[in-house]
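The sequence shown begins at 73 in the numbering used here and counts up by one.
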Amino acid sequence: MARVCQVTGKKPITGHHVSFSNIKTKRRFLPNLQKKRFFLAEEDRWISLKVSADGIRTINKKGLYEVVKELRAAGQKI
Numbered sequence: 073m074a075r076v077c078q079v080t081g082k083k084p085i086t087g088h089h090v091s092f093s094n095i096k097t098k099r100r101f102l103p104n105l106q107k108k109r110f111f112l113a114e115e116d117r118w119i120s121l122k123v124s125a126d127g128i129r130t131i132n133k134k135g136l137y138e139v140v141k142e143l144r145a146a147g148q149k150i
């Protein structure tokens with residue numbers, strides 16, 4: 073499975089390692105992804121999501137049910 077947050081859509085980006093002598097080599101910045109289980113009280117079941125730390129904060133702010141409704145409207149199967 074790809075390294076993409078299911079809530080925010082964050083994915084790896086590219087950049088450079090810069091050495092002391094200013095030589096640049098390619099590198100990847102990976103999102104802070106966590107595989108987390110949430111209890112969806114409205115449906116009385118557990119769901120597993122692959123979310124970034126920022127996505128967890130979004131769920132805490134909006135509420136799990138609102139986030140799940142948005143994901144389903146976008147076409148994700150949850």
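Quick reminder that beta carbons are idealized off the backbone N, C-alpha and C, glycines included.
Length of the line joining the Cα atoms of S91 and L136:
As a working note, residue 91 is residue 19 in the sequence shown. As a working note, residue 136 is residue 64 in the sequence shown. So the two alpha carbons sit approximately 43 angstroms from each other.
Cα-Cα, which of A145, K98, P84 and I95 is closest to N104?
Position 32 of the sequence shown, counted from the first residue, corresponds to residue 104. If we check each option's Cα against that of N104, P84 comes out closest.
So K108 and I128 are supposed to be a Cβ contact under 8 angstroms. How far apart are they, rounded?
Working through the sequence shown from its first residue, we reach residue 108 at position 36. Working through the sequence shown from its first residue, we reach residue 128 at position 56. So it is a contact: roughly 7 angstroms between Cβ atoms.
Which one of A74, V79 and R75 has the shortest CA to CA distance from K133?
Working through the sequence shown from its first residue, we reach residue 133 at position 61. Considering only alpha carbons, the answer is V79.
If I'm right that F110 touches L121 with Cβ under 8 angstroms, what's the distance once you round it to whole angstroms?
Within the sequence shown, residue 110 is the residue found at index 38, counting from 1. Within the sequence shown, residue 121 is the residue found at index 49, counting from 1. Going by Cβ atoms, the distance from F110 to L121 rounds to 6 angstroms, so yes, they are a contact pair.
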